[in-house]
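**Student:** Here you go, one structure.
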Amino acid sequence: MVTADGIEECRKACGGHGYLSCSGLPELFTSYLQSPTVEGDNHMLPQQVIRVLLKLVQAVQQQPQQQNTNLDKIWEIFLVDGYMRLEHASWIELNVLQYLSIVRPNAVALVDARDFSDFRLKSVLGRYDGNVYPYIMEAAQKDPLNAVEPGPPYEVALKRLVKGGVGVYSGTASRL
């Protein structure tokens, strides 16, 4: 589930824009998240998960206390593959903020080096030309919900609230 966690972190890093369907992140998250559960009956899955969790709880209770974070998992991968030594991991952990300030100005160029096309990304947020906001607006205008002015839900649910005439606020118009 490291990939799903990474997608969720990206969505959070984008703030409110990460929730937009035109960001591509909701579709990416939902299409990926189902992958681990596609096979098998959904009634069997909880039973298997509970069995595994109980075994893990028992194993953890028998071992001395240790903390395992995502960063630890990443260090482990690099250590096992021989890309760094143990002393490098502790040195990097102490200096991570300094290196983030070095990487940040080059982050877009580092991502662009992968040469993903805008078509392949399916996201207005990661556009090659950097014109995010005009394309967010364009995507909103193309959304079927916005095809009718001011939109079907307005007449049904909001018009009475805005014009006044709901409950104790009957006769009081909205100041919006």
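Counting in the working numbering, the sequence shown tops out at residue 182, every number present. Quick reminder that beta carbons are idealized off the backbone N, C-alpha and C, glycines included.
Does the Cβ of residue 114 have 16 or more other Cβ atoms within 10 Å, making it buried, or fewer, making it exposed?
**Tutor:** Residue 114 is exposed by the Cβ-count criterion.
**Student:** Rounded C-beta distance between residue 212 and residue 130? I'm assuming under 8 Å.
**Tutor:** Since the first residue shown for the chain is 7 and the last is 182, residue 212 is missing from the structure and cannot be characterised.
**Student:** Would you call the region 119 to 127 and the region 13 to 20 touching, i.e. three or more CB-CB distances under 8 Å?
**Tutor:** Not touching, per the Cβ criterion.
**Student:** I need the straight-line Cα distance from residue 147 to residue 153, nearest angstrom please.
**Tutor:** Answer to the nearest angstrom: the Cα atoms are 7 Å apart.
**Student:** Pull up the distance between the alpha-carbon of residue 132 and that of residue 138, whole angstroms please.
**Tutor:** Their backbone Cα atoms lie some 8 Å apart in a straight line.
**Student:** Do residue 95 and residue 81 come within 8 Å of each other at the CB atom, strictly closer than that value?
**Tutor:** Yes.
**Student:** Just to check my reading of the structure: residue 134 and residue 118 have Cβ atoms closer than 8 Å, yes? What is that Cβ distance to the nearest angstrom?
**Tutor:** With a Cβ gap of about 7 Å, residue 134 and residue 118 count as contacting.
**Student:** Cα separation between residue 107 and residue 98?
**Tutor:** For residue 107 and residue 98, the distance between alpha carbons rounds to 14 Å.
**Student:** Kindly indicate which residue of 54, 39 and 143 has the alpha-carbon position closest to the one of residue 8.
**Tutor:** It is 39.
**Student:** In three-state terms, what does DSSP make of residue 90?
**Tutor:** Note: residue 90 maps to coil in three-state DSSP.
**Student:** Do you know offhand how far residue 90's Cα is from residue 83's?
**Tutor:** Going by the C-alpha atoms only, they are around 10 Å apart.
**Student:** If you draw a straight line from the C-alpha of residue 116 to the C-alpha of residue 142, how long is it?
**Tutor:** C-alpha separation (whole angstroms): 23 Å.
**Student:** Where residue 14 and residue 33 are concerned, what is the direct C-alpha to C-alpha distance, given to the nearest angstrom?
**Tutor:** Rounded to whole angstroms, residue 14 to residue 33 spans 12 Å at the Cα level.
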